[in-house]
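Enquirer: Shown below is the structure under consideration.
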Amino acid sequence: MTTLSSVVGAPLTKVWSWESIDWKTAWIHVRKLQMRIAKAVRSGRYGKAKALQWILTHSFYAKLIAVKRVTQNKGKITPGIDRILWKTANQKMQAAKSLKRRGYKALPLRRVYIPKKNGKSRPLGIPAMIDRAQQALHLLALEPIAEIQADKNSYGFRPKRSCHDAIEQCFIALARKYSSKWILEGDIKSCFDQISHTWLENNITMDKRILRQWLKAGYIEEGFLYPTERGTPQGGLASPVLCNMALDGLEKAIKSITKPGDKINYVRYADDWICTAENREILESKVLPTVVEFLKERGLELSQEKTRITHINEGFDFLGFSIRKYKEKLLIKPSKKSVKSFLKRTREIIHTRRAAKQSEMIKTLNPKIQGWTNYYRHSVAKRIFSQVDTCIFKSLWRWAKRRHPNKSITWIKRKYFPRVGLKSWCFCTKGKGAEEPNIFLKSAAKTRIVRHVKIKAEATPYDSAFKDYFARRSIKLKKHEIQPG
42 MTTLSSVVGA PLTKVWSWES IDWKTAWIHV RKLQMRIAKA VRSGRYGKAK
92 ALQWILTHSF YAKLIAVKRV TQNKGKITPG IDRILWKTAN QKMQAAKSLK
142 RRGYKALPLR RVYIPKKNGK SRPLGIPAMI DRAQQALHLL ALEPIAEIQA
192 DKNSYGFRPK RSCHDAIEQC FIALARKYSS KWILEGDIKS CFDQISHTWL
242 ENNITMDKRI LRQWLKAGYI EEGFLYPTER GTPQGGLASP VLCNMALDGL
292 EKAIKSITKP GDKINYVRYA DDWICTAENR EILESKVLPT VVEFLKERGL
342 ELSQEKTRIT HINEGFDFLG FSIRKYKEKL LIKPSKKSVK SFLKRTREII
392 HTRRAAKQSE MIKTLNPKIQ GWTNYYRHSV AKRIFSQVDT CIFKSLWRWA
442 KRRHPNKSIT WIKRKYFPRV GLKSWCFCTK GKGAEEPNIF LKSAAKTRIV
492 RHVKIKAEAT PYDSAFKDYF ARRSIKLKKH EIQPG
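For reference, each letter of the sequence shown is one residue, going 42 to 526 in this note's numbering.
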């Protein structure tokens, strides 16, 4: 416990311990500074914004919040190259005190590989806890600027925005009879790994010395240190925001070389994006050259193999959804690839748990079904949900028969698929009253389909003018939340 009487943002003559921190007060203090930073940027007063950033990154409240973030997220049990984790209250408190600019040198990242859906591996750089906390701290000061400068139709890794906002914007852009008919599906080659360090250092409004430490930290793989000359490593807290800021401005660049009759609409989620137009020629002669030049300045380029132009009647996949017009009617459904991938995972779960109890099987499958249906419940998914139920039922029936090869079909049905009330073939356990109730497998088809209400394109939580808007929106979204079942 230490008296922090002279620390920026900390109350005078107050004795602190981790357990006694008033987090509400801490967040109010940080939020006020963030709102002031955003206001300064909107007014074009970048000098004032930088001064406020300095105050925020030296605030002890901000340092406490940064440490709390990295010790509560999913990566809290994953150490960096130094193998250090902050688990105890004392360790967290000492960590907050150690977050200083002077003498800070980022450690190399620990390189690991995670499997991708296509069977390949993606490199992931895991920073040390101290570097994660430094990133969390400086992001508190950078995010308000990123939000004010962001493209209106950018939806990935931004507060209060989601994939569903991006998909709803696609619906708005393509649903009408006279909407755009052609879509450019843009694929940026290794976006996170190729962003120019020079561009980032020259254009990101933050402490250049700190930014350079993150970018030039290098990584350790099999005992060898490798330098990083470009890119921002996937795995760092700062990477998504830096990537967003590098791509912000593309929407404005595209619209500056087109006219309203071209029916240009741009939607981006992180480095996945589409652009619509009235005809193919506009995309080929106007949009593509502009995109190529924009990306080149940032050290990036389009993938020639994956970038393509599609007619809306052929349809395209975006963020796991299939978007296509059928006889002038736009339908957005779960993509075939997503359905296939989900069913493959559920079959693997069922196949590898041959000896599991029925209750354990249900408890394993339910969160998977819940999560997948929750993601697609804003689309035209009712029929696909029913098909998913049928496929899972068939897999479970085979599982039950394998467990009891010498039992009759009637016996297996009675044990694993009993009749409950008016419904037959329920995959559930037979409970013993209130103390041990029945456990049912979740039915995908029973998921309620709800239309998602898109966020206002210009809305940002760092503008006080939208305070009431976000309060009302939060209430509406909570009404449609699905509780885990």
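Yeah, the Cβ is synthetic: ideal placement off N, Cα and C, and Gly gets one too.
1. Sort out for me which residues DSSP pairs D358 with in a bridge.
2. Quick check on the DSSP output: what are the complete beta strand (DSSP E) runs of length 3 or more inside the segment 324-355, in order along the chain?
3. Return helix, strand or coil for L45, following the three-state DSSP convention.
4. In the DSSP assignment, what residue or residues form a beta bridge with K520?
5. In this structure, does DSSP put P375 in helix, strand or coil?
6. For I433, which residues from the same chain have a beta carbon less than 7 Å from its beta carbon, with the 5 sequence-adjacent residues on both sides left out?
7. R250 by DSSP, collapsed to three states: which one?
8. Quick one: measure Cβ to Cβ for E188 and R199, integer angstroms, because I've assumed they're closer than 8 Å.
9. Return helix, strand or coil for I229, following the three-state DSSP convention.
10. Find out if the Cβ-Cβ distance for the pair L148, A177 is shorter than 7 Å.
11. Let me check understanding here. Comparing Cα to Cα, which of Q275, L241, I403 lies closest to I162?
12. If you measure between the beta carbons of Y503 and Q190, is that distance less than 7 Å?
13. When you compare only the Cα positions, how much space is there between I186 and V111?
14. Does DSSP put Y267 in a helix, in a strand, or in coil?
15. Use the C-beta contact count for V333: other C-beta atoms within 10 angstroms, 16 or more gives buried, fewer gives exposed.
16. Taking the continuous alpha helix (DSSP H) assigned at V82, which residues delimit it?
17. Measuring straight from C-alpha to C-alpha, what distance separates R253 and K89?
18. Can you check DSSP and say which residues form a bridge with S162?
19. Quick check: the Cα distance between L45 and L97, rounded to an integer number of angstroms?
20. Output needed for S61: all residues of its chain with C-beta closer than 6 Å, excluding positions within five of it in sequence on either side, in chain order.
21. Please report how far the alpha carbon of Q524 lies from the alpha carbon of K218, in whole angstroms.
22. What does DSSP give as the partner residue(s) for G88 in the beta ladder?
23. Suppose you measure from the CA of Q235 to the CA of E263; what does that come to, to the nearest Å?
24. Look at the alpha carbon of W68 and the alpha carbon of V421, and state the distance between them as a whole number of angstroms.
25. With 16 other CB atoms within 10 Å as the buried threshold, where does P375 fall?
26. Compare the C-alpha of L372 against each of L140, I78, D358, A79 and name the closest.
27. Need the endpoints of the beta strand (DSSP E) that D313 sits in, please.
28. What three-state label does DSSP hand I305 in the structure shown?
29. On the CB-based measure, 16 or more other CB atoms within 10 Å of its CB, does K483 come out buried or exposed?
30. Can you tell me which residues form a DSSP beta bridge with S195?
31. Report buried or exposed for G526, applying the criterion of at least 16 other Cβ atoms within 10 angstroms of its Cβ.
32. Can you look up E369 in the DSSP assignment and give me helix, strand or coil?
33. Of the choices I106, T66, W64, K141, whose alpha-carbon is the least far from that of W95?
34. Restricting to Cα atoms, I'd like to know which of T414, S515, M402, D312 is closest to Q428.
35. Tell me where the alpha helix (DSSP H) around Y102 begins and ends.
36. Identify, in the order they occur along the chain, each residue of the same chain with its Cβ nearer than 8 Å to the Cβ of F511, setting aside the five sequence neighbours on each side.
Expert: Quick answer:
1. The count along the sequence shown starts at 1 and reaches residue 358 at position 317. DSSP lists S363 as partners of D358.
2. 349-352
3. Taking the first residue of the sequence shown as 1, we reach residue 45 at position 4. Low local confidence applies: a pLDDT of 44 at L45 is under 50, so the model's placement there is unreliable, and no value is given.
4. As a first step, residue 520 is located in the sequence shown; it is residue number 479 there, counting from the start. Paired residues: none, contrary to the question.
5. Your numbering for residue 375 matches position 334 in the sequence shown. The answer is strand: DSSP assigns P375 an E or B state.
6. Counted from its first residue, the sequence shown places residue 433 at position 392. Contacts found: T387.
7. The residue you call residue 250 lines up with position 209 of the sequence shown. Judged by DSSP in its simplified three-state form, R250 adopts helix.
8. Position 147 of the sequence shown holds residue 188. Position 158 of the sequence shown holds residue 199. Contact flag correct, Cβ pair sits at about 7 Å.
9. Position 188 of the sequence shown, counted from the first residue, corresponds to residue 229. In the structure shown, I229 sits in a strand (DSSP, three-state: E or B).
10. What you label residue 148 is simply residue 107 of the sequence shown in a count that begins at 1. What you label residue 177 is simply residue 136 of the sequence shown in a count that begins at 1. No, these two residues do not count as a Cβ contact at 7 Å.
11. Along the sequence shown, one-based indexing puts residue 162 at 121. First, the amino acid is wrong: residue 162 is Ser here, not Ile. Of the candidates Q275, L241, I403, the one whose C-alpha sits nearest the C-alpha of S162 is Q275.
12. Looking up residue 503 in the sequence shown gives position 462. Looking up residue 190 in the sequence shown gives position 149. Against a cut-off of 7 Å, the Cβ pair of Q190 and Y503 comes out as no contact.
13. Position 145 of the sequence shown, counting from 1, holds the residue named residue 186. Position 70 of the sequence shown, counting from 1, holds the residue named residue 111. Their backbone Cα atoms lie some 22 Å apart in a straight line.
14. In the sequence shown, residue 267 corresponds to position 226, counting from 1. It is a strand residue.
15. Counting from one through the sequence shown, the residue named residue 333 turns up at place 292. V333 comes out exposed.
16. Within the sequence shown, the letter at position 41 stands for residue 82. 64-83 is the extent of the alpha helix (DSSP H) around V82.
17. As a position in the sequence shown, residue 253 is number 212, starting the count at 1. As a position in the sequence shown, residue 89 is number 48, starting the count at 1. Going by the C-alpha atoms only, they are around 22 Å apart.
18. Indexing the sequence shown from 1 puts residue 162 at position 121. DSSP, once it has assigned bridges, lists P156 as partnering S162.
19. For the purposes of this step, residue 45 is taken as residue 4 along the sequence shown, with counting starting at 1. For the purposes of this step, residue 97 is taken as residue 56 along the sequence shown, with counting starting at 1. Because L45 carries a pLDDT of 44, less than 50, the predicted location of this residue cannot be relied on, and the following value inherits that uncertainty. Straight-line spacing of the CA atoms in L45 and L97 works out to 16 Å.
20. Stepping through the sequence shown from its first residue, residue 61 is reached at position 20. Take S61, set aside five residues on each side of it, and no residue of its chain has a beta-carbon closer than 6 Å to its own.
21. For the purposes of this step, residue 524 is identified with residue 483 of the sequence shown, where counting begins at 1. For the purposes of this step, residue 218 is identified with residue 177 of the sequence shown, where counting begins at 1. Residue confidence is low: Q524 scores 45 on pLDDT, short of 50, so the model does not pin down where it sits. Its coordinate-derived value is still stated next. Near 37 Å, if we compare the C-alpha coordinates of K218 and Q524.
22. Within the sequence shown, residue 88 is the residue found at index 47, counting from 1. Answer is none; G88 lacks a bridge partner.
23. Stepping through the sequence shown from its first residue, residue 235 is reached at position 194. Stepping through the sequence shown from its first residue, residue 263 is reached at position 222. Those two C-alpha atoms are separated by around 23 Å.
24. Sequence index remark: in the sequence shown, residue 68 carries index 27 (1-based). Sequence index remark: in the sequence shown, residue 421 carries index 380 (1-based). For W68 and V421, the distance between alpha carbons rounds to 40 Å.
25. Here residue 375 corresponds to residue number 334 of the sequence shown, with the count starting at 1. Looking at its Cβ environment, which holds 16 or more other Cβ atoms inside 10 Å, P375 is buried.
26. Residue 372 sits at position 331 when you count from the first residue of the sequence shown. Comparing Cα-Cα distances from L372 to each of L140, I78, D358, A79, the minimum goes to D358.
27. Residue 313 sits at position 272 when you count from the first residue of the sequence shown. D313 -> beta strand (DSSP E) spans 313-318.
28. Residue mapping note: residue 305 aligns to position 264 of the sequence shown, counting from 1. In the structure shown, I305 sits in coil (DSSP, three-state: anything other than H, G, I, E or B).
29. The residue given as residue 483 occupies position 442 in the sequence shown. Label assigned to K483: buried.
30. As a position in the sequence shown, residue 195 is number 154, starting the count at 1. In the DSSP output, where bridge partners are listed per residue, S195 has R309.
31. In the sequence shown, residue 526 corresponds to position 485, counting from 1. Any reading at G526 must be qualified, since the residue scores a pLDDT of 39, below 50, and its modelled position is unreliable; no value is offered.
32. Residue 369 sits at position 328 when you count from the first residue of the sequence shown. It is coil, neither helix nor strand.
33. Reading the sequence shown from its first residue, position 54 is the one you call residue 95. Nearest option by C-alpha distance: K141.
34. As a first step, residue 428 is located in the sequence shown; it is residue number 387 there, counting from the start. When each option's Cα is compared against that of Q428, the closest is T414.
35. Residue numbering aside, residue 102 sits at position 61 when the sequence shown is read from its first letter. Per DSSP, Y102 belongs to the alpha helix (DSSP H) from 101-111.
36. Taking the sequence shown and counting its residues from 1, the one referred to as residue 511 is at position 470. The residues are K201, A500, P502.
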